[in-house]
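Counting in my numbering, the first sequence runs from 1203 upward without gaps. Just so you know, even glycine gets a beta-carbon here, dropped at the ideal spot from N, CA and C.
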Amino acid sequence: MTRLSEYLLPTEKQAPADAEAISHKLMVRAGLIRQIGAGMWSWLPAGWRVHQKAVQIIREEMDAIGGQELLMPVLQPAELWRKSGRYGIEELFKLQDRKGSDLVLAMTHEEAVTTHVAQTVRSYRDLPLILYHFQVKERDEPRPRAGVLRTREFIMKDAYTFDRDAEGLDERYQLHVEAYDRIMERTGLRWYRVEADVGMMGGIGAHEYMAPCPAGENEVALAPGYAASVEVACADPQPVELPHAPSAPKEVSTPGITTVAEVAGALGVPEGALLKAYPVVLEGDGRMVLVLVRGDHRVNEIKLAGVLGESSRPAHPQEIATRLGPPGFVGPVGLDGRVEILLDQAALPPGASDPPSEGGHSGERGYVTGANRPDAHLLGVVPGRDFPFRAVDVRTVCAGDTVGGHPLTIEPAIEVGNIFKLGTRYSVPLGATYLDESGREQPIWMGCYGIGPARIAAAAVEQYADERGISWPRALAPFAVHLVTVGKPGDPARAAAEELYETLRAGGVEVLYDDRDAGPGEKFADAELLGCPLRLTVGKRTIESGEIEVQVRRERRDAAPIPLAGEPAELIQALEQLCQTLP
RNA sequence: CGGGGAGUGGCGCAGUCUGGUAGCGCACCCGGCUGGGGGCCGGGCGGUCGCAGGUUCAAAUCCUGUCUCCCCGACCA
């Protein structure tokens, strides 16, 4: 299939100086990818083979659930995007043709596919449909990074489903869950399907497929039986020791001390014994809301948006000063209903899920909060007793929090795929409707399902690389077998290697043959850098022993040697059996 | 968009402060040795120093402008 002496595989000893991520360094070093600009990458022959391996797995599983592959253009009229309301998106590349007509480079294909369905689907009898394609996406990313992990142009498989109602969408969605699970399983990646943010569109459902790896841009919260994006994860907080509260809040002087760490240090309490005040202003009506979380917790903007039902922004210092108190000393006590107070449930008084009606009692424990006057904090503030609140879940979970009693870990991960129930978000503006049995026009219910072969490849590099290079899962490897011949040209071993190469080729084995006139060290180093699952070595020893040495790339483990003189069919079979045992 | 860093041969870098006509390692080409872990010897090719303007007898080096790339953060339909 491929002789290295004739193959474009420009390996490098040194990684590009500006590379940071493992996959960035190794994929460049191994000669898989080359950069042409910020977020613009070419796939060299061996790299493209990996990409196509991922593509083929995806294609097979999409076809298995009845997906129909098609192809839609990247270059599209701006008009479509105006109709869908997405023309204003900053990441959208906009351009004009010579006549001055506005065009865009598509970042996904909802507009295009919905337009076609609107043109062609008339009746409930035409539904459901699963349409998908592999196509380049163009996004004007604010910051491309980490090689092929985040680029401005990349190939994505995006699928779209069309159903007559929400129940049909649920079915189509479930099919995709199953297909995506199988895809991820087949790639050999370590992966999680996590609940994801459903955004402002009403929470009808979304999952992300995450591959944990050091260069990941997202975080997943994991516990036995639980996996969620940190953006939406919920967990039981770790307990915090609160000081006993006096019968009423007591003011203490804290001149110039504003940060949680400083206040906790100065007062000798844990950070979790503070209530952090986070005033926000709603984008809609400009109303201010005071959000309180424990001092050792962080407000989660996405969960907050879900609770508020709209997006908000942190209040400006001026707004805080005018409506609450001096920034840095803001607290919930004595606001007299000026703003609504949301208390994160992790800060609820023990045993209380609702605010007590009246008064307080001794033996309670209290928090430290700002006093709403300069250089002062309050001790012994008891939620409910000292201020009214609404209990909500708006904090970001921490490692060590528990779910079902199991402690949570948080890992960086790369999002390789996502599935999302769109509902009628696009069908309505783009006029994708059908006639039901009673002849009534109905909007089509849609779902969209994306997955990135490039990220699958990069995540595999990240997850399985060692100090010597890449170690591909067999499903993604550019070649199953890396055949290395050692010894000078003209040695009998060379002839044996040539013969073996032809045998493997004829037997349909994907083999890369290092027939270069180079030293053994260089060849072995390149083989380990490229990371094919099996390395066969043919040299003097092979001739002497009559056995082909076999090394498994993962763990660099020696496998049972294969007789050189065996029947070709047996040799192929032995190799294939060995492959089946590999990760 | 904010902060930081960098553009000198294919890759990695020195030289810039203190101006004097470009160097090192690897790779590459030729010859020889070696041949189971990036080996050795000898000989070579290759760069208008990101670009434009300016200062100067003279600019990789000083000044002005500009482009590009990377990292951190913000952002991420």
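Proximity of L1580 and G1533 at Cβ, strictly below 9 Å: yes
Inter-residue Cα distance where the pair is S1303 and T1604: 56 Å
For I1745, the three-state DSSP class (helix, strand or coil): helix
Assigned exposure category for C1734 - 16 Cβ within 10 Å defines buried: buried
Option in P1519, V1686, D1487, H1518 with minimal Cα separation from E1512: D1487
CB contact flag (P1516, V1483, <9 Å): yes
In DSSP terms, what Q1278 is bridged to: V1306
Short Cβ contact (9 Å threshold) for P1770 with G1709: yes
Top-ranked residue by Cα proximity to E1749, from T1310, V1740, G1692: V1740
R1205 - DSSP class collapsed to helix/strand/coil: strand
Nonlocal neighbours in the same chain, by C-beta distance under 7 Å from Q1547, ignoring five residues either side: A1593, V1594, D1595
Distance between M1309 and E1453 (C-alpha atoms, nearest Å): 55 Å
Integer Cβ distance of R1657 from V1618, believed to fall under 8 Å: 5 Å
Of the residues S1747, Q1779, E1746, L1731, the one placed nearest R1231, counting alpha carbons only: L1731
Neighbour-count burial assignment, E1313, 16 or more Cβ in a 10 Å radius: buried
7 Å Cβ shell around Y1636 - same chain, five flanking residues per side excluded: V1323, R1324, S1325, Y1326, D1328, L1329, R1366, Q1644, I1646
Cα-Cα separation, A1729 to A1720: 13 Å
E1373 versus I1332, L1206, R1341, D1693, residue with shortest Cα-Cα distance: I1332
DSSP-derived helix/strand/coil call for S1431: strand
Cβ separation of L1544 and L1494, assumed to be a contact under 8 Å, to the nearest whole Å: 7 Å
Alpha helix (DSSP H) segment containing P1519, residue limits: 1519 to 1525
Cutoff 7 Å; reference F1336; Cβ partners in own chain excluding five residues on either side: V1257, I1357, K1359
Residue burial classification, A1277 (beta-carbon count within 10 angstroms, cutoff 16): With the sequence shown as reference, residue 1277 is identified as Leu, and Ala is not the correct amino acid for it. Classification of L1277: exposed, given that the 10 Å Cβ count is below 16.
Chain-order list of residues whose beta-carbon lies under 6 Å from that of K1149 (same chain, five-residue window excluded): The chain is shown only over 1203 to 1785; residue 1149 falls outside these bounds and no answer can be derived.
Spatially closest choice to I1621 from A1361, S1244, V1338, by CA coordinates: A1361
Sequence-distant residues of the same chain with beta carbon closer than 6 Å to R1261, five excluded per side: none
Exposure label - V1744; buried when at least 16 CB within 10 Å: Before going on, a small fix: residue 1744 reads as Thr here, not Val. T1744 is buried by the Cβ-count criterion.
Inter-residue spacing [alpha-carbon to alpha-carbon] between Y1382 and G1390: 13 Å
Beta-carbon spacing of I1616, A1661 below 9 Å: yes
Boundaries of the beta strand (DSSP E) in which E1769 is found, first to last residue: Here E1769 belongs to no beta strand (DSSP E), and DSSP marks it neither H nor E.
Spatially closest choice to V1432 from T1456, T1461, V1462, R1395, by CA coordinates: R1395
Q1782 - DSSP class collapsed to helix/strand/coil: helix
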